[in-house]
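Chemist: Numbering (the numbering used here), first residue to last: 98 to 354. Virtual Cβ for every residue (Gly too), placed ideally from N, Cα, C. Here you go, one structure.
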Ligand code: 0WE
């Protein structure tokens, strides 16, 4: 018997086997949930199809292309979700993007264009996903997004993503207040540095990853399984009293001075 037997939800942002979204998918599937995946491109769709094929039969739902910065994409995805799933119990938003110039040099030198791309794709995308999911969550539900300590502290080069994550964490609180009366909970997981595709391309990330392990109270790095199990908890009724919260899954890194 799984924690999430009979529940179904959608995951945005699985890209490969190292993705935090994939860690969430594995934990949610293990606990008995049925999953839909939303991917950005046809190339990613093939990869995610392969990954989803490794999940238990009952966990595999639909895979559909959807760019969360496109309202038409969101509408057709939810039309299909309504037809094939009927109801959503959770949404996992594991999406974030900033153009390169938002992740390097001085924060204040980012272009207006790159700044808004980062805010739209990393932050407003969660609001858009929440709004679209609302009609399918009449019986309550759980919305989960991913954030990072760079929202609250200055982490070198995180720059525009830090400001986007700060807005995202604030949106978690406002959405929690909007949707609470309908029994929809909204929370964020603040993950420690993890070796994902998104992180690997970042200059200096390897050193940062090693330092995080050496300094963290638990002396280990955050894994996608750590994040996935917390995600399954937040999606479950065990977390029924938690909303508007940011949970740290970082081996205690954020408590250090
Ligand atoms: O949120 C993130 C990274 C997300 C991300 C990654 C990229 C790389 C490729 C967003 N946009 C882009 N754009 C690209 O063109 N993390 C929490 C991982 C991360 O990124 C950092 C970090 C950490 C940790 C960037 C600078 C410093 C630390």
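For the pair the region 207 to 215 and the region 147 to 165, tell me if three or more CB-CB distances fall below 8 Å.
Modeler: no
Chemist: Nearest by alpha-carbon distance to residue 171: which of 220, 225, 183 and 129 is it?
Modeler: 225
Chemist: Taking the alpha-carbon positions, what's the residue 253 to residue 302 distance?
Modeler: Here the C-alpha atom of residue 253 lies approximately 10 Å from the C-alpha atom of residue 302.
Chemist: Do residue 296 and the ligand 0WE come close, with the Cβ less than 6 Å from some heavy atom?
Modeler: yes
Chemist: If you run the structure through DSSP and keep just helix, strand and coil, what is residue 299?
Modeler: Three-state result, residue 299: coil.
Chemist: Could you give the C-beta distance for residue 285 and residue 327, rounded to a whole number, given that I count them as a contact under 8 Å?
Modeler: 11 Å between Cβ atoms; not a contact.
Chemist: Identify the continuous alpha helix (DSSP H) that holds residue 174 and give its terminal residues.
Modeler: 168 to 181
Chemist: Nearest to residue 157 by alpha carbon, out of 131, 187, 268 and 169?
Modeler: 131
Chemist: Note down the Cα distance separating residue 159 from residue 354, rounded to an integer number of angstroms.
Modeler: 45 Å
Chemist: For the candidate residues 287, 255 and 232, whose alpha-carbon lies nearest to that of residue 203?
Modeler: 255
Chemist: With a threshold of 16 other CB atoms inside 10 Å of the CB of residue 232, please say whether the residue is buried or exposed.
Modeler: exposed
Chemist: Tell me, to the nearest whole angstrom, how far the beta carbon of residue 117 is from that of residue 191; I am working on the premise that it is less than 8 Å.
Modeler: Yes, they are in contact, since the Cβ atoms of residue 117 and residue 191 sit about 5 Å apart, within 8 Å.
Chemist: When DSSP labels each residue in this structure, what does residue 353 get in the three-state scheme?
Modeler: Looking at residue 353 - three-state DSSP - the assignment turns out to be coil, as it is neither helix nor strand.
Chemist: Comparing the CB of residue 349 with every heavy atom of the ligand 0WE, is any distance shorter than 6 Å?
Modeler: no
Chemist: Output needed for residue 184: all residues of its chain with C-beta closer than 8 Å, excluding positions within five of it in sequence on either side, in chain order.
Modeler: 105, 233, 234, 235 and 236
Chemist: At the level of alpha carbons, what is the spacing between residue 127 and residue 114?
Modeler: 16 Å
Chemist: Considering only residues of the same chain and omitting the five flanking positions on each side of residue 290, which have a CB-CB separation below 6 Å?
Modeler: Taking C-beta separations shorter than 6 Å and ignoring five residues to either side along the sequence, the partners of residue 290 in its chain run 305, 306 and 309, following chain order.
Chemist: Tell me the residue span of the beta strand (DSSP E) that contains residue 105.
Modeler: 105 to 109
Chemist: Measure the C-alpha to C-alpha separation of residue 336 and residue 323 and round it to an integer number of angstroms.
Modeler: 16 Å
Chemist: Could you tell me whether the Cβ atoms of residue 219 and residue 247 are closer together than 7 Å?
Modeler: Going by C-beta atoms, residue 219 is not nearer than 7 Å to residue 247.
Chemist: Just verifying my parser: in three-state terms, what is the DSSP assignment at residue 161?
Modeler: strand
Chemist: Alpha carbon to alpha carbon, how far is residue 221 from residue 265?
Modeler: Whole-angstrom Cα-Cα distance: 8 Å.
Chemist: Suppose you measure from the CA of residue 129 to the CA of residue 100; what does that come to, to the nearest Å?
Modeler: Their Cα atoms are separated by approximately 7 Å.
Chemist: Indicate, with yes or no, if the ligand 0WE has a heavy atom lying under 6 Å from the CB of residue 290.
Modeler: yes
Chemist: Check whether the Cβ of residue 195 sits closer than 6 Å to any heavy atom of the ligand 0WE, and report yes or no.
Modeler: For the ligand 0WE, a non-hydrogen atom lies closer than 6 Å to the CB of residue 195.
Chemist: Using 6 Å as the cut-off, classify the Cβ of residue 200 as near or not near the heavy atoms of the ligand 0WE, replying yes or no.
Modeler: yes
Chemist: Going by C-alpha to C-alpha distance, which of 177, 141 and 333 sits closest to residue 294?
Modeler: Ranking the options by Cα distance to residue 294, first place goes to 141.
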